[in-house]
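Asks: These protein sequences, in sequence, are chains B and W. In terms of numbering that gives the first Met the number 0, the first sequence opens at residue 0 and continues consecutively. In terms of numbering that gives the first Met the number 0, the second sequence opens at residue 0 and continues consecutively. Below is the structure I would like to discuss, written out as structure tokens.
2 protein chains.
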Amino acid sequence: MTTPNLEQAIDRSGGNPAKMLRADARGPYQFPIPQMEYANWRDEQRVWRESAIFFDQSFHMSDVYFRGPDAKRLFSEVGVNSFRTFGRDKAKQFVATNPRGHVIGDAILFGLDEEEYALVGSPVAANWVQFHAETGDYKVDVERDDASPINPRERLLFRYQVQGPAALEIVRKASGGTLGPVKFFNIGEFQIAGVTVRALNHTMVGIPGQEHTGLEIFGPREHSAPVKEALLEAGSGLGMLQGGAVSYPTTSNESGWIARPLPAIYTGDDMRAYREHLPAHGFEAHASLGGSFVSDSIEDYYLTPYDLGYGRVVSFDHDFIGREALEQIAVAPPRRKVWLDWDAGDTGHVLTSSLFASGRGAKYLSLPAGGYSLIHYDRVLLDRTGVGVAMDPMFTMNHGNVTSLASIDAGLAEDGQRLTLVWGDEASIGVKPQVEPHRETEVRVTVRTSPRTSQGARR
Amino acid sequence: MTTPNLEQAIDRSGGNPAKMLRADARGPYQFPIPQMEYANWRDEQRVWRESAIFFDQSFHMSDVYFRGPDAKRLFSEVGVNSFRTFGRDKAKQFVATNPRGHVIGDAILFGLDEEEYALVGSPVAANWVQFHAETGDYKVDVERDDASPINPRERLLFRYQVQGPAALEIVRKASGGTLGPVKFFNIGEFQIAGVTVRALNHTMVGIPGQEHTGLEIFGPREHSAPVKEALLEAGSGLGMLQGGAVSYPTTSNESGWIARPLPAIYTGDDMRAYREHLPAHGFEAHASLGGSFVSDSIEDYYLTPYDLGYGRVVSFDHDFIGREALEQIAVAPPRRKVWLDWDAGDTGHVLTSSLFASGRGAKYLSLPAGGYSLIHYDRVLLDRTGVGVAMDPMFTMNHGNVTSLASIDAGLAEDGQRLTLVWGDEASIGVKPQVEPHRETEVRVTVRTSPRTSQGARR
Numbered sequence: 000m001t002t003p004n005l006e007q008a009i010d011r012s013g014g015n016p017a018k019m020l021r022a023d024a025r026g027p028y029q030f031p032i033p034q035m036e037y038a039n040w041r042d043e044q045r046v047w048r049e050s051a052i053f054f055d056q057s058f059h060m061s062d063v064y065f066r067g068p069d070a071k072r073l074f075s076e077v078g079v080n081s082f083r084t085f086g087r088d089k090a091k092q093f094v095a096t097n098p099r100g101h102v103i104g105d106a107i108l109f110g111l112d113e114e115e116y117a118l119v120g121s122p123v124a125a126n127w128v129q130f131h132a133e134t135g136d137y138k139v140d141v142e143r144d145d146a147s148p149i150n151p152r153e154r155l156l157f158r159y160q161v162q163g164p165a166a167l168e169i170v171r172k173a174s175g176g177t178l179g180p181v182k183f184f185n186i187g188e189f190q191i192a193g194v195t196v197r198a199l200n201h202t203m204v205g206i207p208g209q210e211h212t213g214l215e216i217f218g219p220r221e222h223s224a225p226v227k228e229a230l231l232e233a234g235s236g237l238g239m240l241q242g243g244a245v246s247y248p249t250t251s252n253e254s255g256w257i258a259r260p261l262p263a264i265y266t267g268d269d270m271r272a273y274r275e276h277l278p279a280h281g282f283e284a285h286a287s288l289g290g291s292f293v294s295d296s297i298e299d300y301y302l303t304p305y306d307l308g309y310g311r312v313v314s315f316d317h318d319f320i321g322r323e324a325l326e327q328i329a330v331a332p333p334r335r336k337v338w339l340d341w342d343a344g345d346t347g348h349v350l351t352s353s354l355f356a357s358g359r360g361a362k363y364l365s366l367p368a369g370g371y372s373l374i375h376y377d378r379v380l381l382d383r384t385g386v387g388v389a390m391d392p393m394f395t396m397n398h399g400n401v402t403s404l405a406s407i408d409a410g411l412a413e414d415g416q417r418l419t420l421v422w423g424d425e426a427s428i429g430v431k432p433q434v435e436p437h438r439e440t441e442v443r444v445t446v447r448t449s450p451r452t453s454q455g456a457r458r
Numbered sequence: 000m001t002t003p004n005l006e007q008a009i010d011r012s013g014g015n016p017a018k019m020l021r022a023d024a025r026g027p028y029q030f031p032i033p034q035m036e037y038a039n040w041r042d043e044q045r046v047w048r049e050s051a052i053f054f055d056q057s058f059h060m061s062d063v064y065f066r067g068p069d070a071k072r073l074f075s076e077v078g079v080n081s082f083r084t085f086g087r088d089k090a091k092q093f094v095a096t097n098p099r100g101h102v103i104g105d106a107i108l109f110g111l112d113e114e115e116y117a118l119v120g121s122p123v124a125a126n127w128v129q130f131h132a133e134t135g136d137y138k139v140d141v142e143r144d145d146a147s148p149i150n151p152r153e154r155l156l157f158r159y160q161v162q163g164p165a166a167l168e169i170v171r172k173a174s175g176g177t178l179g180p181v182k183f184f185n186i187g188e189f190q191i192a193g194v195t196v197r198a199l200n201h202t203m204v205g206i207p208g209q210e211h212t213g214l215e216i217f218g219p220r221e222h223s224a225p226v227k228e229a230l231l232e233a234g235s236g237l238g239m240l241q242g243g244a245v246s247y248p249t250t251s252n253e254s255g256w257i258a259r260p261l262p263a264i265y266t267g268d269d270m271r272a273y274r275e276h277l278p279a280h281g282f283e284a285h286a287s288l289g290g291s292f293v294s295d296s297i298e299d300y301y302l303t304p305y306d307l308g309y310g311r312v313v314s315f316d317h318d319f320i321g322r323e324a325l326e327q328i329a330v331a332p333p334r335r336k337v338w339l340d341w342d343a344g345d346t347g348h349v350l351t352s353s354l355f356a357s358g359r360g361a362k363y364l365s366l367p368a369g370g371y372s373l374i375h376y377d378r379v380l381l382d383r384t385g386v387g388v389a390m391d392p393m394f395t396m397n398h399g400n401v402t403s404l405a406s407i408d409a410g411l412a413e414d415g416q417r418l419t420l421v422w423g424d425e426a427s428i429g430v431k432p433q434v435e436p437h438r439e440t441e442v443r444v445t446v447r448t449s450p451r452t453s454q455g456a457r458r
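Given below as structure tokens:
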């Protein structure tokens, strides 16, 4: 008997992956950050625009290492990104698609050395790359260092995030002046508390690459304590707060990163070998789907890099899986990624209706993050016609309202365009334990095509 | 050098225990129940009125055992309760007061045997009884089995709660018919999955002793798994859900149990020896105080058994600490415990103002439990004059609104009496990490003097 795999899990569930994932009982990802809140999620959000936030990311992400002479070629052949100038001390938002150009997953790819790379983030992209490393013609060794909840060992690294306008000053202070210039999406090396650390310059909040510098600092786990202490100490006089598991995922809502698109792996004979490679109880097999967007065809949940705002990272300077399909899509991408700002009055109605309605009210909107499954897709309408899908409704104090990230018809991706989002999930009543009896409710939303700058944030 | 103690902690903080506890950074108690939600907190609340809820209480309570020939005399001399008929297989809501009749704490006292008793609940009452066991003239041995987060060992028992109208049927089914009649607040013994268990008949939801039977089932920890499995299996066809850490504390809001009154131990020369006995970093030293009721005199936070609705358990058939004071108070108790039902419109205003106000809005009200400190006291007003304190605002689907439990002037404790509750805590802005910038907001509330029956619950 062979080990049960994802393909068999789909068969056993009745053969329809959309139904399988819509019925999956898994709730939203519980970030294994030690505390839910360190201050309170409102102030934690506020400081990442006004001062800085410290997040301990040592636990919740998969780090998968790819080492060997063919590592760079592997990523180049699996990823949509250009690898012409990639190497040590460079980083990328790595995006992988299936042969039809649908996104499987994305993660941050760290160039640790010329022949050593790490994919850090959700395990979806790393699983796909690992599959090719192991089944393709590559001289590459793979080492997994999974997220703490599924990792039988101690993690290899600590990983501390300092984000916000004061981040650079704080890290410089903690480094005792050893931090030199680090370009955006480059990796620097310096000292904190006598420990040699490396750090990625990137942006979890604000406008990526444009506003301020955020640093993701990592080093050997055995030196975690003094580094953390030095960073917290350096930030304490500058208004920095430590952020907890509640505020953490809401950073993506401001920066515009769609954290969990559905991996486009559930259909296609050319993807069968991969489904047979994946376990029957891994992330992909339990990628629970919730929200008002309901289809029996799983492919309706697939998204291209263009749908997700990754057009800028697709490069046809190399051959990669999905290239042909993406070259066709690139001519006129049908969808664009936008922010959908919820009408405050309608949001208030959702909240009060869910609590006080005498019969069935609206679906309860938990705050600050409204999603109740691993992957959340809501229906977006114009004149009662579907024009896209909206993900992960979240409130942040800096936005001052609830915002969904969405992928909508490109012709409607204009600032100020009014649309309607359907909040609720009547199809999941009695199916998903997270969904109580309710009625779906329409929420007026307004399209925004770029992140809000700090200037535009609520004060 | 002696070990630092609570008395020294108060001195070091500046000598004012009210200021010390108002400034304490500890947030609300994080119940170490394995999951935050098993279904969702709305449905978990609903089923304890419609079917049954299963709570795993094996982790969050202190169990302190008192064994020996003088154990019963110890409880009788420290507690306000009558012990005339107490003994094996009986239980009590044990209440202890200081010499002035102010409540120190309460917990459930289990009569495990004629010379073996266990106090189960928050550690406050048990700490006080243990002090007397160790310093008084009692032949009593004390064994502590603290809550999991502060217990270096494995817990001694499993403890499973089945509550709701279907509870008795479910436990009977799981017991294979071995469960015989158990009177209210008595302890029965029967078998589940081949394991001998004991169970307290009590009520966490609904009207204590009047509505339905709830059972708290306990036995040796090593047999926890098969018993839990049998109970979940027995309940699965009857609509029972497992309840998580989010819904758990909201049971008390329906039954009317004020879970965390401030322990009346911080003042008085006659209590000094106890403060010198308590550690500098125990529960009492970090009993953080939040809410709109702000006083620099800690005694303003003290409450008598009558203030908390425990008049029925005070018995003058024996001598006990606080008896003289309580005999005087009993003549005309100045306060009464009531429920304060929040106006739905005002609650909606609090919610939307906290999220959408352009300047400072109302204090964010987290749901279902609004408290943000270990102990929460809000101001209650009539015509702008203080008439009492309100604790632990919570929303339950069965109430269909937010309700605070309160202790108010006895003359105002009439069903339908309109009062005002002040929601917010401006004094804590910049002091308590849980409190974001906000403005205090008045909420209209209506007095209710008894719990709502299932009939009165929102359907």
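Ideal placement from N, C-alpha and C gives every residue a C-beta, glycine not left out. What you are looking at is a predicted structure, and each value in this text was computed from that prediction instead of being measured.
Do you know how far the Cα of W:Ile52 is from the Cα of W:Gln162?
Replies: If you take the alpha carbons of W:Gln162 and W:Ile52, they lie about 5 Å apart.
Asks: Once the 5 residues before and after W:Asp69 are set aside, which same chain residues still bring their CB inside 7 Å of it?
Replies: Here the set comprises Tyr137, Lys138, Val139.
Asks: Please check the pair B:Leu73 and B:Ile169, which I expect to be a contact at CB under 8 Å, by giving their CB distance rounded to whole angstroms.
Replies: With a Cβ gap of about 36 Å, B:Leu73 and B:Ile169 do not count as contacting.
Asks: Using 10 angstroms around the beta-carbon of W:Asp316, count the other beta-carbons present and answer buried if the total reaches 16, otherwise exposed.
Replies: The residue is exposed, with fewer than 16 neighbouring Cβ atoms inside 10 Å.
Asks: Kindly give me the distance between the Cβ atoms of W:Tyr159 and W:Gln241, rounded to whole angstroms, as I take these residues to be in contact under 8 Å.
Replies: Incorrect: roughly 10 Å between the Cβ atoms, too far for contact.
Asks: Excluding five sequence neighbours on each side, which residues of the same chain lie with their C-beta closer than 7 Å to the C-beta of W:Gly175?
Replies: Closer than 7 Å at Cβ, skipping near neighbours: Gln190.
Asks: Using the Cα positions of B:Glu6 and B:Tyr265, report the straight-line distance between them to the nearest angstrom.
Replies: For B:Glu6 and B:Tyr265, the distance between alpha carbons rounds to 8 Å.
Asks: Pick from W:Val421, W:Ala343, W:Ser287, W:Asp318: whose alpha carbon is nearest that of W:Arg25?
Replies: Nearest option by C-alpha distance: W:Ser287.
Asks: Using a Cβ cut-off of 9 Å, pull out every chain W residue sitting near B:Pro248, in sequence order please.
Replies: Here the premise fails: no neighbours, minimum Cβ distance about 15 Å.
Asks: Anything in chain W within Cβ reach of B:Asp42, meaning under 7 Å, just list it in chain order.
Replies: Here the neighbours are Glu435.
Asks: For a contact meaning CB atoms closer than 9 Å, what does B:Ala343 contact in chain W?
Replies: Per Cβ cutoff of 9 Å: Thr351, Leu354, Phe355.
Asks: Nearest chain W C-beta to B:Asn252 closer than 8 Å, yes or no?
Replies: No, because no Cβ of chain W sits closer than 8 Å to the Cβ of B:Asn252.
Asks: So, are the CB atoms of B:Met270 and B:Asn150 less than 8 Å apart?
Replies: No, these two residues do not count as a Cβ contact at 8 Å.
Asks: Counting only C-beta atoms, is W:Gly347 closer than 8 Å to chain B at any point?
Replies: Yes, W:Gly347 lies at the interface with chain B (some Cβ there is under 8 Å from its Cβ).
Asks: Of all the residues that make up the segment 381 to 394 of chain B, which are near chain W by a beta-carbon distance shorter than 9 Å?
Replies: The segment 381 to 394 of chain B vs chain W, Cβ under 9 Å: Phe394.
Asks: Name the DSSP bridge partner or partners of B:Leu380?
Replies: B:Leu380 is bridged to B:Gly385, B:Thr419.
Asks: Quick check: W:Ser427 and W:Val434, are their CB atoms within less than 8 Å of each other?
Replies: Cβ distance < 8 Å, so W:Ser427 and W:Val434 count as in contact.
Asks: If you measure between the beta carbons of B:Val204 and B:Ser254, is that distance less than 8 Å?
Replies: Yes, these two residues count as a Cβ contact at 8 Å.
Asks: For a contact defined as C-beta to C-beta under 7 Å, what are the partners of B:Gly399 on chain W?
Replies: Per Cβ cutoff of 7 Å: Phe355.
Asks: Grab me the residues of B:Pro248's own chain with a C-beta within less than 6 Å of its C-beta, minus the 5 sequence neighbours each way, in chain order.
Replies: Taken in chain order, the residues that qualify are Ala368.
Asks: Quick one: what does DSSP say W:His280 is sitting in, helix, strand or coil?
Replies: DSSP places W:His280 in coil when its eight states are reduced to three.
Asks: Hey, W:Gly104 and W:Val123: beta-carbon distance below 8 Å or not?
Replies: The answer is yes: Cβ separation under 8 Å.
Asks: For W:Arg458, is the classification buried or exposed, using 16 other Cβ atoms within 10 angstroms of its Cβ as the cut-off for buried?
Replies: Caution is warranted here: a pLDDT of 39 is assigned to W:Arg458, below 50, making its placement in the model unreliable, and no coordinate value can be reported.
Asks: In or out: B:Gln29 buried (at least 16 other Cβ within 10 Å) or exposed?
Replies: Its Cβ having fewer than 16 others within 10 Å, B:Gln29 is exposed.
Asks: Could you name the residues of the same chain whose beta carbon sits closer than 8 Å to that of B:Ser365, not counting the 5 residues immediately before and after it, in chain order?
Replies: Tyr371.
Asks: For B:Gly290 and chain W, any beta-carbon pair shorter than 8 Å?
Replies: No, B:Gly290 does not count as interfacial toward chain W.
Asks: Please report the straight-line C-alpha distance between B:Phe282 and B:Ala146, rounded to a whole angstrom.
Replies: Each residue's Cα considered, the two are about 12 Å apart.
Asks: Between W:Pro432 and chain B, is any beta-carbon pair separated by less than 8 Å?
Replies: W:Pro432 counts as touching chain B.
Asks: Excluding the 5 residues preceding and the 5 following W:Ala22 in the sequence, name in chain order all residues of the same chain whose CB lies nearer than 6 Å to its CB.
Replies: Result list for W:Ala22: Val430, in chain order.
Asks: Considering only the alpha carbon of each residue, which of W:Leu214, W:Ala165, W:Pro225, W:Thr202 lies closest to W:Leu237?
Replies: Nearest option by C-alpha distance: W:Ala165.
Asks: Going straight from the alpha carbon of B:Ala331 to that of B:Ala409, what length do you get?
Replies: Going by the C-alpha atoms only, they are around 9 Å apart.
Asks: Along the segment 27 to 41 of chain W, what residues have a CB closer than 9 Å to any CB found in chain B?
Replies: So the close ones are Gln29, Gln34, Met35, Glu36, Tyr37, Ala38, Asn39, Trp40, Arg41.
Asks: Rounded to whole angstroms, what is the Cα-Cα separation between B:Gln129 and B:His285?
Replies: Rounded to whole angstroms, B:Gln129 to B:His285 spans 19 Å at the Cα level.
Asks: How would you write the range of the beta strand (DSSP E) that B:Arg334 sits in, first residue to last?
Replies: Counting along the chain, the beta strand (DSSP E) containing B:Arg334 begins and ends at 334 to 341.
Asks: Can you look up W:Ala117 in the DSSP assignment and give me helix, strand or coil?
Replies: W:Ala117 falls in the strand class under three-state DSSP.
Asks: Going by DSSP, which residues form a beta bridge with B:Lys91?
Replies: In the DSSP output, where bridge partners are listed per residue, B:Lys91 has B:Leu108.
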